[in-house]
Amino acid sequence: PSQDLLALNTATGTVVASYVLPSVVFPSIPQKIYDIIAHNNVVYVFAKESSSNAFLYKLNYTPGIGFTVLAIADLGIIPENTRMAYNDTDDLLYLAKNVNDTSVSISTNINQPSSITMYNGTDLGVVGTPLSLNVLLSDIAYKKVDNTLLIASHANASPGSSGAFLRKYNADLDTEIWAASETFTGDEFIISPQISFLNDNIYMTGLYHANTAFDLTNLPIGSGQSDIFALRLQDLGTSVSRVSETDVEIVETIKKDLIISYPNPIEDVLNVKLSNPNANYEVTIHDFTGEKILSERSASNVKEIITIDTKKLAKGLYIVHVKKNGEIVYTSKIKK
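Residue numbers for the sequence shown follow the numbering used here, so the first one is 42 and each next one is one higher.
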C-alpha cells in the first residue's frame with residue numbers, strides 16, 4: 042500500500058485532491074506520515090519509509106491541479122515522534138525530534154535527548170545550530186506576535202520519577218526566555234502533549250496518569266489508567282500560570298494592575314481607566330482568532346482614560362488587552 046496526502050474541503054469534508062508521496066530510498070516500502078504543516082499553498086510533510094531514513098517534503102498545492110514536490114530533505118534515521126512549527130515571518134521551519142545519539146551529552150537518568158533544528162523554508166537547508174535538550178520533546182508551537190517558540194517536553198528519570206516542562210525560546214533558539222517545570226514521583230506523567238499559542242494564552246492538551254504538572258491537581262481519572270486533559274496557561278513573559286484545566290474558552294479577566302474597562306456590553310465606545318497615567322499604555326481589541334481589530338496608545342502624563350471608537354465593530358465577542366510599558370497588565374472579554 043501507499044500513503045496518500047489528502048486535501049479536503051473544510052465546509053463539506055470532501056476530498057478535492059490526493060497525492061502519493063514519492064519514495065526516496067526503497068520504492069517498494071510505503072511511506073508513513075507523522076506530521077504536516079500547511080501555509081498558504083505550501084505543505085510541509087514529515088514522513089518515514091519503514092525503518093529507513095526520515096524525510097522532510099516541501100510541496101506546492103494548486104487548487105484544481107493538486108500537489109507537486111518542491112524540495113526534499115533527508116533527515117537521517119530518527120524516531121517517529123517528530124514535531125514541526127512554521128515561522129511565516131522569516132520563512133523558517135522548526136523541526137523538533139528526539140534522537141538516539143551517544144555523541145550527545147545527557148544525564149544517565151534521562152531516557153533520550155532531543156533537538157530542534159531550523160530549516161530555511163525556501164530550500165530546506167539547515168539554519169544555525171540545533172538546540173539540544175536533555176529531555177524527551179513532545180511538541181513545539183511558534184508565536185508570530187513576538188517571534189518566539191514554545192517547547193513542551195517530558196523526561197522519565199530513574200527510579201520512578203518523571204517531569205513535565207515548558208520552555209520558551211527566541212526564534213533563533215539561542216536565548217531561553219523562561220522555563221516552567223514540575224517533577225513528580227510514581228507513574229504520574231504527561232504523554233505527547235499538543236500545544237498552540239493564541240493571543241497571550243497557551244493551549245495544551247495531552248494524556249496524563251494521575252495528577253500531573255502545571256497545577257493540574259485532583260483531576261479525575263476515567264475508566265482505565267489514564268485520561269486526557271485540556272489546559273490554558275497565561276504567557277506573562279517570565280512565568281507560566283494555570284488558568285483552567287478543562288474550560289478552553291477565553292480568559293475572562295486577567296488583572297495585574299488596577300485598570301477598569303467599561304461599559305460591557307459596549308456600544309459606540311470603550312473606555313479604559315488607567316491606574317498610572319505616568320506610564321505608556323496601549324489598548325488593543327482582538328477578535329477570537331487573535332487578529333488585532335482596533336488599538337489606541339497613551340503616552341505618559343497625557344490622560345487617565347483611553348477611549349476607543351467601537352461604532353464600526355460588528356456584534357460579537359472580543360478580547361481587550363492593555364499593555365503598560367510593553368507588558369500586558371490587563372485582559373478581559375467584552376461583548377457588543
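Just so you know, even glycine gets a beta-carbon here, dropped at the ideal spot from N, CA and C.
None of the values given here were measured: they were computed from a predicted structure.
From the DSSP secondary-structure annotation, give me the bridge partner or partners of residue i.
i	result
K376	L358
A182	L191
E23	In the structure displayed, the chain extends from 42 to 377; residue 23 sits before or after that span and is not available.
N139	S155
K364	E323 and I369
E337	V324
For residue i, count neighbouring C-beta atoms within 10 Å of its own C-beta (all shown protein chains included) and say buried if the count is 16 or more, exposed if not.
i	result
H80	exposed
F33	Absent from the structure is residue 33, since the part of the chain shown begins at 42 and ends at 377.
A95	buried
Y303	exposed
L190	buried
Q72	buried
D241	buried
L177	buried
T372	buried
T103	exposed
E326	In the sequence under discussion, the amino acid at residue 326 is Ile, which differs from the Glu named in the question. Under this definition I326 is a buried residue.
I118	exposed
T158	buried
V363	buried
K352	exposed
V324	buried
L47	exposed
I346	exposed
I192	buried
T258	Confidence in T258 is poor, its pLDDT being 49 and thus under 50, which makes the residue's placement unreliable; the coordinate value appears in the next sentence. Burial call: exposed.
V84	buried
Cα separation between residue i and residue j?
i	j	result
A355	I334	11 Å
R124	Y60	22 Å
E337	N321	11 Å
E90	F206	31 Å
K185	T216	17 Å
D328	I360	6 Å
L165	K377	46 Å
I300	Q275	18 Å
P200	N305	Confidence at P200 is low in this model, with a pLDDT of 47, below 50, so its placement is unreliable and no value can be given for it.
T51	I78	16 Å
K374	L358	7 Å
N312	Y183	33 Å
L49	A220	38 Å
T55	G105	14 Å
Y127	L136	9 Å
S237	K209	12 Å
G169	V86	21 Å
E308	D76	45 Å
I147	T109	Its pLDDT being 39, under 50, I147 is placed unreliably in this model, and the coordinates cannot settle the point.
V310	N317	21 Å
A114	Y98	7 Å
M245	F270	8 Å
I175	H195	Checking the sequence shown, residue 175 turns out to be Asn, not Ile. Roughly 9 Å between the two C-alpha positions.
Could you tell me which of the options sits nearest to residue i, measuring between CA atoms?
i	options	result
D180	A58, E345 and N139	N139
D213	A221, N188, D129 and S194	N188
N82	D76, L172, L100 and V310	L100
G247	L272, A112 and L239	L272
S64	G107, A88 and T170	A88
L315	E332, G105, I369 and D350	I369
L62	I106, K364, D45 and T103	D45
N319	V310, I74, E332 and N366	N366
S173	I70, P234, P154 and A112	P154
L133	S156, G107, A112 and G162	G162
V57	G107, K344 and I74	G107
D129	Y160, A112 and L111	Y160
Any idea what DSSP makes of residue i, helix, strand or coil?
i	result
V74	Inspection of the sequence shows that residue 74 is occupied by Ile rather than by Val. Strand, per DSSP.
A24	Examination of residue 24 is not possible in this model, given that the chain is present from 42 through 377 alone.
D115	strand
A48	strand
G169	strand
A212	coil
L100	strand
L311	strand
E217	strand
F108	strand
A126	strand
G54	coil
N67	With the sequence shown as reference, residue 67 is identified as Phe, and Asn is not the correct amino acid for it. Of the three classes helix, strand and coil, the one that applies to F67 here is coil, per DSSP.
N161	strand
S59	strand
D276	strand
S316	coil
K352	coil
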